[in-house]
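Residue numbers (UniProt numbering): 1 to 600.
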Amino acid sequence: MAGRIEDYALIGDMQTAALVCRDGTVDWLCLPRFDSHAIFAGLLGTGEHGFWRMGPAYAPGAEPPTAARRTYRGDSLILESEWDTGRGTVRVTDFMPPRDGAPQLIRIVEGVSGRVPMRSELRMRFSYGRVVPWVHKHEGRTVAVAGPDSVWFDTDVETYGKALTTYADFTVAPGDRIAFTISWEPSHKQPPPLPEPEQSLEATEDFWRDWVEHCTYHGPYREAVVRSLITLKALTYAPTGGIVAAPTTSLPEEIGGVRNWDYRYTWLRDAAITLSSLLRTGYREEARAWREWLLRAVAGDPENLQIMYGIAGERELGEAELDWLPGYENSTPVRVGNGAAHQLQLDVYGEVTEALHLAHMTGLARNDYASVLQLKLIRYLEDHWQEPDEGIWEVRGPRRHFVHSKVMAWVAVDRTIKLIESGDADGPLERWKQLRDDIHRDVCEKGYDKERNTFTQSYGSRELDASLLLIPQMGFLPPDDKRVIGTIEAIQRELSTSDGFILRYPTDGKDEGVDGLPGDEGAFLACSFWMADDLAMIGRVDEARRLFEKLLSLRNDLGLLAEEWDPRLQRQVGNFPQAFSHVPLIDTALRLTASGAYGG
């Protein structure tokens with residue numbers, strides 16, 4: 001059985017990623033890309049669907065022991081786990097070197113004290129656990145082959161096969177260092193080069209040390225900010241600059257429920273806000289790469305902007321269900337692909353334009369096509385902003401006039417007006433100023449409940465929505481506007497959980513809710529960070545700091561966050577780790593640091 005979501009550590013090479021549990025089991029790995037088929041899919045099923053465990057040997061039928069300690073080596077993505085046993089202490093170092101050839105996952109076992117019997121159990125299952133590969137020896141190396149894929153297993157320890165699993169039993173003493181590596185290669189090609197684990201470890205540590213040195217944030221929350229930045233970098237697909245929302249699919253928003261989605265794609269919204277956080281902490285190269293990815297992804301058809309694309313800019317992300325996988329803690333269906341790709345979400349135009357605006361304001365070298373794209377997006381909005389859409393949360397119910405979508409349409413027009421006024425683009429300035437005023441007036445008249453002094457989720461509704469917290473952050477209204485303060489206080493009353501975190505919107509349990517789905521979900525962590533931001537903006541800085549530090553306490557022992565927090569089960573839920581949680585963590589830390597609201 002897979003561990004709790006927060007029991008996992010992330011390692012990756014900026015092209016794919018693996019999740020390693022506290023007991024030393026790799027339960028999730030897709031090769032060669034984030035969105036490829038998994039060779040270890042035990043996270044969404046059982047051991048029969050693929051895993052790789054490395055740890056102290058244990059008795060048949062017993063549970064594998066969990067590590068007594070684990071940490072990342074400094075500011076890196078190199079995981080170190082230590083077990084204390086009756087016979088001594090052992091350390092396992094797991095990492096994926098930044099790739100210049102075949103993707104590799106390397107595990108180095110090191111004796112710390114005593115003599116510790118160890119076992120490696122490697123069960124490769126291709127195509128998300130459905131296909132058992134042909135495993136055989138080739139010139140002293142173990143190779144697993146199925147269809148287009150081959151995975152090569154290299155170690156100096158003797159291995160043997162049993163029950164369609166590759167084992168290695170060995171003992172480590174102080175000073176021993178024994179390496180194990182798996183490498184992927186297309187099955188029709190020559191074998192990948194023999195790995196060099198120690199050299200790769202040194203190069204990986206150097207890479208992360210050099211990258212973190214570019215961080216410009218040195219405030220009181222630096223540890224949390226740097227870990228979040230490393231996580232965001234790990235979610236960036238290096239060859240193209242695309243940023244995945246998370247490296248997993250179908251980790252449930254409700255344990256046992258149906259809210260299970262594939263997040264291994266580039267949402268324009270998530271990527272745009274990730275870009276803004278990277279820019280504000282000194283990472284302009286990542287911003288440049290994402291802008292180039294964006295221009296390629298939408299090239300030739302900006303009027304039909306999708307809300308998400310594949311990590312190389314692919315448009316077709318057809319959704320399917322993997323019925324042979326029982327799901328994480330029996331949460332089904334397990335989905336791959338995402339049918340929301342072709343939804344209409346007008347807010348995306350605002351997020352993209354805001355990101356391009358911020359890149360321009362922070363001195364990123366001008367790109368003429370980026371300005372052309374921005375003008376084309378506004379011309380589209382000019383004709384379509386009054387239409388209903390599916391909104392920021394990708395509801396699968398009927399389209400509505402979501403207030404957040406209209407606000408972000410206003411943002412898109414406002415930032416483009418600023419671009420024209422700066423002299424870096426030409427456009428119908430007066431006409432678009434009138435458009436900006438028209439959208440603003442429409443939202444304030446139709447999306448505001450005077451009786452309750454709050455903006456609402458959509459025109460004519462009484463429901464609230466945590467995305468309304470972005471109204472002051474986007475500059476749509478000033479923080480001291482009574483309508484902004486009323487909205488913040490209404491969301492605190494109506495969308496707070498018992499422990500003070502924020503839900504996205506009301507759900508209706510067994511009945512189909514506003515999002516067209518049955519069931520409930522946890523508190524959406526991004527929304528809780530937005531609340532902390534808003535509280536700081538309206539002068540309630542002590543309250544903002546307390547909420548922020550309470551949110552930091554939800555991170556796992558390695559500083560990682562999933563999408564949501566289940567207040568009933570007191571555990572993380574949703575895909576993991578989640579960019580949309582780590583980005584607002586960075587943003588709130590920057591705001592609180594600037595306000596002096598920290599400490600004590």
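No residue lacks a Cβ here, since even glycine has one placed at the ideal position from N, Cα and C.
On a predicted model such as this, the values are computed, not experimentally measured, just so you know.
Query	Result
Three-state secondary structure assigned by DSSP to G600	Residue confidence is low: G600 scores 40 on pLDDT, short of 50, so the model does not pin down where it sits. Its coordinate-derived value is still stated next. It is coil, neither helix nor strand.
S458 beta carbon less than 7 Å from that of F402	yes
Cβ-Cβ separation, L19 to L43 (assumed contact under 8 Å), whole Å	6 Å
Segments of 4+ residues assigned as alpha helix (DSSP H) that fall wholly inside the segment 331-401	347-361, 368-384
Host beta strand (DSSP E) of G88 (start-end)	88-95
Backbone CA spacing between P472 and K406 [nearest angstrom]	14 Å
Cα-Cα separation, G559 to P388	38 Å
Neighbour-count burial assignment, M96, 16 or more Cβ in a 10 Å radius	buried
Cβ-heavy atom distance, R591 to the ligand GDP, below 6 Å	With respect to the ligand GDP, the structure offers nothing, as it holds no ligand at all.
Start and end residues, alpha helix (DSSP H) containing A490	482-494
Pair within 7 Å by beta-carbon distance, A579 and D270	yes
Integer Cβ distance of L275 from A355, believed to fall under 8 Å	5 Å
Helix, strand or coil at F548 [DSSP, three-state]	helix
7 Å Cβ cutoff met for A68 and D84	yes
Those runs of the alpha helix (DSSP H) which lie wholly inside the UniProt domain "Trehalase-like N-terminal" (2-137) and span at least 4 residues	126-129
E205 - DSSP class collapsed to helix/strand/coil	helix
Between the CA atoms of L305 and A17 - distance to the nearest angstrom	28 Å
The segment 235-246 in contact with the segment 285-305 per 3-pair CB rule at 8 Å	yes
Three-way DSSP call (helix, strand, coil) for F580 in this model	helix
Cβ contact (3+ pairs, closer than 8 Å) linking the segment 244-255 and the segment 325-335	yes
Neighbourhood of R280 by C-beta distance below 7 Å, restricted to the same chain and skipping five residues each side	L590
For L585, the three-state DSSP class (helix, strand or coil)	helix
Backbone CA spacing between I108 and E82 [nearest angstrom]	12 Å
Collapsed DSSP secondary structure at S467 in the structure displayed	helix
Separation of R546 from E316, as counted between CA atoms	43 Å
At least three beta-carbon pairs within less than 8 Å, the segment 154-174 to the segment 201-211	no
Where A320 falls: helix, strand or coil (DSSP)	strand
G175 versus D169, G111, V145, R209, residue with shortest Cα-Cα distance	G111
C-alpha distance - T454 paired with F529, whole-angstrom precision	20 Å
With 16 other Cβ atoms within 10 Å as the buried cut-off, status of Y369	exposed
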